[in-house]
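Encoded as structure tokens, the structure appears first; notes follow it.
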Amino acid sequence: MLLRELIKLALNTLAANKTRAFLTMLGISIGVGAVIALMSIGTGVQAYVTQQFASAGANLIGVVPGRIQRGPGGGAFGSQAPLTMADYRAVAANTPNIVDASADFSRPAVFAYANNTSEVNVTGILANFSAIRNWNARLGRTIDEADVTGRSRVVALGQTVVNDLFEPGEDPLDKIVRINNVPFRVIGVMESKGSSFLGDQDAVAFIPLTTAQERLFGQQAQSVNGERIVSTIYVQAANKDVTPAVISSIDALLRERRRIPADEPSDFSALSQDELINTFGAVTGVLTVFLGAIAAISLLVGGIGIMNIMLVSVTERTREIGLRKAIGAKPSAILTQFLTEAVFLSLIGGLVGIGIGLGIAFVVSQVADFQPVVQAGAIVLAVGFSVAVGLFFGIYPARRAARLNPIDALRFE
Amino acid sequence: MVSLKHSTNGLLHVAAPQANGQPPTRDAGSTAVIEAHDIAKIYRIGDIEVRALDGVDVTIHRGELTAIMGPSGSGKSTLMNILGCLDQPTRGSYKLDGVDVEKLNDNQLATIRNKKIGFVFQSFNLLRRTSAIDNVEQPLIYAGVAPRERRERAKAALEAVGLGNRLKHHANELSGGQQQRVAIARALVTNPAIILADEPTGNLDSKSGAEIMCLFQRLNEEKGITVIFVTHDPRIAQHTRRVIRIADGKIIGDDPITDPIVACPDKALPDPILEKLEHAAA
Ligand SMILES: Nc1ncnc2c1ncn2[C@@H]1O[C@H](COP(=O)(O)OP(=O)(O)O)[C@@H](O)[C@H]1O
Ligand SMILES: [Mg+2]
Numbered sequence: 012m013l014l015r016e017l018i019k020l021a022l023n024t025l026a027a028n029k030t031r032a033f034l035t036m037l038g039i040s041i042g043v044g045a046v047i048a049l050m051s052i053g054t055g056v057q058a059y060v061t062q063q064f065a066s067a068g069a070n071l072i073g074v075v076p077g078r079i080q081r082g083p084g085g086g087a088f089g090s091q092a093p094l095t096m097a098d099y100r101a102v103a104a105n106t107p108n109i110v111d112a113s114a115d116f117s118r119p120a121v122f123a124y125a126n127n128t129s130e131v132n133v134t135g136i137l138a139n140f141s142a143i144r145n146w147n148a149r150l151g152r153t154i155d156e157a158d159v160t161g162r163s164r165v166v167a168l169g170q171t172v173v174n175d176l177f178e179p180g181e182d183p184l185d186k187i188v189r190i191n192n193v194p195f196r197v198i199g200v201m202e203s204k205g206s207s208f209l210g211d212q213d214a215v216a217f218i219p220l221t222t223a224q225e226r227l228f229g230q231q232a233q234s235v236n237g238e239r240i241v242s243t244i245y246v247q248a249a250n251k252d253v254t255p256a257v258i259s260s261i262d263a264l265l266r267e268r269r270r271i272p273a274d275e276p277s278d279f280s281a282l283s284q285d286e287l288i289n290t291f292g293a294v295t296g297v298l299t300v301f302l303g304a305i306a307a308i309s310l311l312v313g314g315i316g317i318m319n320i321m322l323v324s325v326t327e328r329t330r331e332i333g334l335r336k337a338i339g340a341k342p343s344a345i346l347t348q349f350l351t352e353a354v355f356l357s358l359i360g361g362l363v364g365i366g367i368g369l370g371i372a373f374v375v376s377q378v379a380d381f382q383p384v385v386q387a388g389a390i391v392l393a394v395g396f397s398v399a400v401g402l403f404f405g406i407y408p409a410r411r412a413a414r415l416n417p418i419d420a421l422r423f424e
Numbered sequence: 002m003v004s005l006k007h008s009t010n011g012l013l014h015v016a017a018p019q020a021n022g023q024p025p026t027r028d029a030g031s032t033a034v035i036e037a038h039d040i041a042k043i044y045r046i047g048d049i050e051v052r053a054l055d056g057v058d059v060t061i062h063r064g065e066l067t068a069i070m071g072p073s074g075s076g077k078s079t080l081m082n083i084l085g086c087l088d089q090p091t092r093g094s095y096k097l098d099g100v101d102v103e104k105l106n107d108n109q110l111a112t113i114r115n116k117k118i119g120f121v122f123q124s125f126n127l128l129r130r131t132s133a134i135d136n137v138e139q140p141l142i143y144a145g146v147a148p149r150e151r152r153e154r155a156k157a158a159l160e161a162v163g164l165g166n167r168l169k170h171h172a173n174e175l176s177g178g179q180q181q182r183v184a185i186a187r188a189l190v191t192n193p194a195i196i197l198a199d200e201p202t203g204n205l206d207s208k209s210g211a212e213i214m215c216l217f218q219r220l221n222e223e224k225g226i227t228v229i230f231v232t233h234d235p236r237i238a239q240h241t242r243r244v245i246r247i248a249d250g251k252i253i254g255d256d257p258i259t260d261p262i263v264a265c266p267d268k269a270l271p272d273p274i275l276e277k278l279e280h281a282a283a
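Taken in order, these protein sequences are the chains called A and B.
Taking the working numbering, the leading residue of the first sequence gets 12, the next gets one more, and so forth.
Taking the working numbering, the leading residue of the second sequence gets 2, the next gets one more, and so forth.
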């Protein structure tokens, strides 16, 4: 008896039982689609977070006052003795294996132009900021050496501030904006970094560090012993491998400068991007696991759906098998027929599921900031599981029925 | 009423030349198609033992038309299922067309059911959502017959049962009598030596029942097919030449019918449809 005939028979049976075939396929498709969509979203979020931090600059180490707890729920603790310009100069001069170091001072400020205002942090920076943070001006220029030495009242605005202050199409360059009522000349507009889980990264404005410390914030930028304060010290390590060594030498240097006893924790934190990524990575890892769990549940639900439909039709199918045996079908012919049915349903269902999964991933990529990452592993897992469920529940009852006496199968209830 | 003898002879002029082997006369020679000896079927439900069949001997010769009668629960279906190789007896020996059935494996039994037996059920057992012709084709698929020939033979079988104009109808679009005729077409499409029918008219009104009897009589008389059917309607049983009575799993009577009722009305006689069937099956 020809295999081709049995395949044709199986397809005819499917065509004659369209609702059952459709529902079975639906179960498989939903399971597969959900797994692929959720897993690719999870992976995409993780990749996105990594890339967000990476875009801050290569091999960047940030030093901030206070002790930052690692992991979710962390924050800054302890006495926040500020970092100073002297700290910055010491780090820049004495740390081996670094490319460059920089510092900034950042405070909230009110911006005004014409009748518009905007409240964002204004950040005093050094001329090497652009290189270390990998962030340049889109229009005009950003702060340079002369601005810093001359304590110039010039500002490079982030896109959000430009949008807040200026009318659409208005050229902001060389306009005078007031920051906390002090007039500044706009020298540039920064490249847009978009918004992310880190907040609106374009809600920024950069002025020379000296201007911020000495002309704009005065007292606020002075420590109790009259030293100039910085908010963050940035250090660019020579490469990824030396980053931990650079961190420990910064740590040692600052502990000594700040006279911290050996048995006490540091009152500042030096963090590399990798550590930040790991911290957030732990969070997004939880997210991925969570999405994975939802996906697994969808798969299970899909599997139960398949099982249900297969089992509901088992009485009808067992009788059909009884009849087929009564008119002369051999057990092998019956198994081949049912196997063909199950394989066909599972494959079509699986393919449709892959389509659904990719479709969802595509839609998400259009509306969300991040790109879902479709992994072959997820596809293999989802299709494998669904096909296994489809095959098992398609074949197992058929196998049982094929072994029955025709009359017992015909009488099955 | 036309006597069976006359109508038989009239039709034999058309059909007999192609008939396979011996002419289907009433005393069909001594070739036994069915030889069952001391058949018993015992069901055990807990401590209770049900002897559905309890030492049954049956011999049926080629070309016979036989009815099996008996009260409900007497073991008629059990016997038919065993004779049809759909079930195995607890004890006893059964030779079908000279073959010892109890020695056969699953695959050989499937072949026997496919080639030698046409089984007709009380409840028709047609495939749902499947056309009449597709239903009738099924046994030929398992027999390995090529698609084109399958179509032709299935069509011929349906024409033989008077459903040539219902090929594409699904079971739910046919009356009970028509469904049973589809089932009979399915039983005879493989050109079996024997047709077994378990209460084929049980679900039908008397007119449809008579149509089925006409069909059986013609298949028997014109094609020499051995037909055995179960009924508990004494009038239906009178359409045969032999009635086996069964009660409590035992045979209690085996009587010839001397003057059978002829089911086929005069005007149903002339169409040479059975000849067609034979050509297709050849
Ligand atoms: N599968 C079974 N299990 C247990 N008892 C059965 C089974 N099939 C039939 N019987 C019993 O065997 C007896 C004969 O049944 P059956 O052959 O169906 O009778 P009939 O067809 O003459 O009405 C009944 O008493 C019935 O209850
Ligand atoms: Mg019965």
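Backbone N, C-alpha and C fix where the C-beta goes; we use that ideal spot for every residue, glycine too.
In this text, all values refer to a predicted model and were calculated from it rather than measured experimentally.
Subject >> Segment contact, 8 Å Cβ cut-off, at least three pairs: the segment 29-43 of chain A with the segment 392-411 of chain A >> reply: yes
Subject >> Identity of the residues DSSP links to Phe116/A by a beta bridge >> reply: Gly135/A
**OP:** Between the Cα of Leu35/A and those of Gly405/A, Glu424/A and Ile418/A, spot the shortest distance and give me the residue it belongs to.
**Re:** A small fix is needed here, since residue 35/A is Thr in this sequence, not Leu. Among Gly405/A, Glu424/A and Ile418/A, the Cα nearest to that of Thr35/A is on Gly405/A.
Original post:
Can Lys77/B be considered in contact with ligand 2, in the sense that its beta carbon sits closer than 7 Å to one or more heavy atoms?
Top reply: yes
Original post:
By Cβ distance below 8 Å, which residues in the same chain neighbour Arg164/A in space, the five residues on each side in sequence not counted?
Top reply: Val193, Pro194, Phe195, Arg196, Ile218, Thr222 and Arg226
Original post:
Heavy atom of ligand 2 less than 7 Å from the Cβ of Asp199/B, yes or no?
Top reply: yes
Original post:
With 8 Å set as the bound, which would you pick, yes or no: does the beta-carbon of Ile418/A sit closer than that to a beta-carbon of chain D?
Top reply: The chain inventory of the structure shown lacks chain D, comprising the protein chains A and B.
Original post:
Closer than 7 Å: is that where the CB of Ile113/B sits relative to any heavy atom of ligand 1?
Top reply: no
Subject >> Beta-carbon contacts of Arg118/A that lie in its chain and below 7 Å, excluding the five residues immediately before and after >> reply: Asn132, Val133, Phe228 and Gln231
Subject >> CB contact check: Ala133/B to chain A, cutoff 8 Å >> reply: no
**OP:** Pick helix, strand or coil for Gly82/A, following the three-state DSSP scheme.
**Re:** Confidence at Gly82/A is low in this model, with a pLDDT of 43, below 50, so its placement is unreliable and the value that follows should be read with caution. In this structure, Gly82/A counts as coil in the three-state DSSP scheme.
Original post:
Hey, Val146/B and Asp98/B: beta-carbon distance below 8 Å or not?
Top reply: no
Original post:
Between Ala27/A and Asn192/B, what straight-line distance do the alpha-carbon atoms span, to the nearest angstrom?
Top reply: 27 Å
**OP:** Show which residues of chain B have a CB atom less than 9 Å away from the CB atom of Pro342/A.
**Re:** Asp107, Asn108 and Ala111
Original post:
Of the residues Ala41/B, Val59/B, Thr67/B and Gly47/B, which one's Cα is nearest the Cα of Asn221/B?
Top reply: Thr67/B
**OP:** Ignore the nearest five residues each way along the sequence and tell me which others in Phe355/A's own chain have a CB closer than 8 Å to its CB.
**Re:** Ala21, Leu22 and Leu25
**OP:** List the residues of chain A whose Cβ lies closer than 7 Å to the Cβ of Asp88/B, in chain order.
**Re:** Asn416 and Ile418
**OP:** Taking all protein chains shown into account, decide if Phe177/A is buried (16 or more other Cβ within 10 angstroms of its Cβ) or exposed.
**Re:** buried
Original post:
Along chain A, in chain order, which residues have C-beta atoms closer than 7 Å to that of Ile142/B?
Top reply: Glu16 and Leu20
**OP:** Tell me whether Gln57/A sits in a helix, a strand or coil according to DSSP, three-state version.
**Re:** helix
**OP:** Please confirm whether any heavy atom of ligand 1 lies closer than 7 Å to the CB of Ala431/A.
**Re:** Given a span of 12 to 424 for chain A in the structure shown, any question on residue 431/A remains unanswerable.
Subject >> Rounded C-alpha distance that separates Ser132/B from Ile142/B >> reply: 15 Å
Subject >> Neighbour-count burial assignment, Thr241/B, 16 or more Cβ in a 10 Å radius >> reply: buried
Subject >> Residue closest to Leu392/A, alpha-carbon to alpha-carbon, out of Asp380/A, Gly364/A, Gln57/A and Gln382/A >> reply: Gly364/A
Original post:
Between Lys116/B and Thr259/B, what straight-line distance do the alpha-carbon atoms span, to the nearest angstrom?
Top reply: 32 Å
Original post:
Looking at the C-beta of Asn115/B, does it have a partner C-beta in chain A at a distance below 8 Å?
Top reply: yes
**OP:** State yes or no: is the beta carbon of Leu189/B nearer than 8 Å to at least one beta carbon in chain A?
**Re:** no
Original post:
How about Asn82/B: is its C-beta nearer than 8 Å to some C-beta of chain A?
Top reply: yes
Original post:
How about Ile418/A and Gln139/B: are their beta carbons less than 8 Å apart?
Top reply: no
Original post:
Within this structure, are the beta carbons of Gly53/A and Ile371/A separated by less than 8 Å?
Top reply: no
**OP:** On the DSSP bridge assignment, give the partners of Gly199/A in chain order.
**Re:** Gly151/A and Ala167/A
Subject >> Proximity to Asp199/B [Cα-Cα], best of Thr232/B, Leu110/B, Ala211/B and Ile185/B >> reply: Thr232/B
**OP:** Report the residue from Pro201/B, Ile226/B, Gln239/B and Ile252/B whose alpha carbon sits nearest the alpha carbon of Gly53/B.
**Re:** Sequence inspection shows Ala at residue 53/B; the Gly mentioned does not correspond to that position. For the residues Pro201/B, Ile226/B, Gln239/B and Ile252/B, the minimum Cα distance to Ala53/B belongs to Ile252/B.
Original post:
Which residues, taken in chain order from the segment 116-130 of chain B, show a beta carbon closer than 8 Å to some beta carbon of chain A?
Top reply: Lys116, Phe120, Phe122, Asn126, Leu128, Arg129 and Arg130
Subject >> Secondary structure of Asp211/A, DSSP reduced to three states >> reply: strand
Subject >> Partners in chain B for Ala337/A, counting only beta-carbon separations shorter than 7 Å >> reply: Leu87, Arg114 and Phe120
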